[in-house]
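Residue numbers (this note's numbering): 1460 to 1643.
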């Protein structure tokens, strides 16, 4: 009797990149449960971290934890320069540093999931792939750099991830059967 080996997966979520893109597109928030369910197809999720300024997005902390994500706080910094306000955070850098640490401290992890459309992750993706890791990216398609899509082993638009795990309406035959039963 052969046993199927389940590979481990690490998931890194650039929360603000996805959340802001979704809100601009259709006013929705990320569906954490469907994200986890979708990535679970590719292995046992050994690491799931969501990066953002949780002082700003505090209402998402409990739903993230409830769905197996570890919220990692990265503060937003506001600078004023020549009359302009510049708002920045270091989520990209924090993800790159922590993902690299996972690469070397947990070499058994074979697949890396990135929830982002940001091309700043290209050096990280290249490094992961050079070490023989599979890299999957999920992002809002309209806000995804084409270079990121081309760099990963698999790119899937966020809408497809969510659609795949949406409840399907009952088949017409099933509906008719239910109606017949209710008329009895």
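Ideal placement from N, C-alpha and C gives every residue a C-beta, glycine not left out.
Could you pull out every residue in the same chain whose Cβ sits closer than 6 Å to the Cβ of residue 1538, ignoring the five residues on either side in sequence?
-> Translated into positions along the chain shown, residue 1538 becomes position 79. Once the five neighbours on either side are set aside, the close Cβ partners of residue 1538 are 1545.
Can you find at least 3 beta carbon pairs, one from the region 1470-1489 and one from the region 1576-1585, that sit closer than 8 Å?
-> yes
By DSSP, does residue 1431 sit in helix, in strand, or in coil?
-> The question about residue 1431 has no answer here: the residues shown for the chain are numbered 1460 through 1643.
C-alpha gap between residue 1580 and residue 1542, whole angstroms = Taking the chain shown and counting its residues from 1, one reaches residue 1580 at position 121. Taking the chain shown and counting its residues from 1, one reaches residue 1542 at position 83. So the alpha carbons of these two residues sit roughly 30 Å apart.
Compute the beta-carbon to beta-carbon distance between residue 1601 and residue 1497, rounded to the nearest angstrom, for a pair I have assumed lies under 8 Å.
-> As a first step, residue 1601 must be located in the chain shown, where it is residue number 142. As a first step, residue 1497 must be located in the chain shown, where it is residue number 38. 19 Å between Cβ atoms; not a contact.
Counterpart residues of residue 1489 in DSSP-defined beta bridges | Residue numbering aside, residue 1489 sits at position 30 when the chain shown is read from its first letter. Looking at the DSSP assignment, residue 1489 forms no beta bridge with any residue, so it has no partner.
Residue 1490 to residue 1472, Cα distance in whole Å?
-> If you number the chain shown from 1, residue 1490 lands on position 31. If you number the chain shown from 1, residue 1472 lands on position 13. Spanning the two alpha carbons is a distance of roughly 12 Å.
Beta-carbon proximity of residue 1554 to residue 1510, cut-off 8 Å = One-based indexing of the chain shown puts residue 1554 at position 95. One-based indexing of the chain shown puts residue 1510 at position 51. Result yes, Cβ atoms of residue 1554 and residue 1510 sit closer than 8 Å.
In whole angstroms, what is the alpha-carbon distance linking residue 1534 and residue 1465?
-> Translated into positions along the chain shown, residue 1534 becomes position 75. Translated into positions along the chain shown, residue 1465 becomes position 6. Cα to Cα, residue 1534 sits roughly 36 Å from residue 1465.
Which term fits residue 1536, buried or exposed, when burial requires 16 or more other beta carbons within 10 angstroms of its beta carbon?
-> Residue numbering aside, residue 1536 sits at position 77 when the chain shown is read from its first letter. When all chains shown are included, residue 1536 counts as exposed.
Would you kindly work out how many angstroms separate the C-alpha atoms of residue 1483 and residue 1615, rounded to a whole number?
-> Along the chain shown, read from residue 1 onward, the residue named residue 1483 stands at position 24. Along the chain shown, read from residue 1 onward, the residue named residue 1615 stands at position 156. So the alpha carbons of these two residues sit roughly 19 Å apart.
Around the C-beta of residue 1508, are 16 or more other C-beta atoms found within 10 angstroms, so that it is buried, or is it exposed?
-> Mapped onto the chain shown, residue 1508 falls at position 49. Flag for residue 1508 reads buried.
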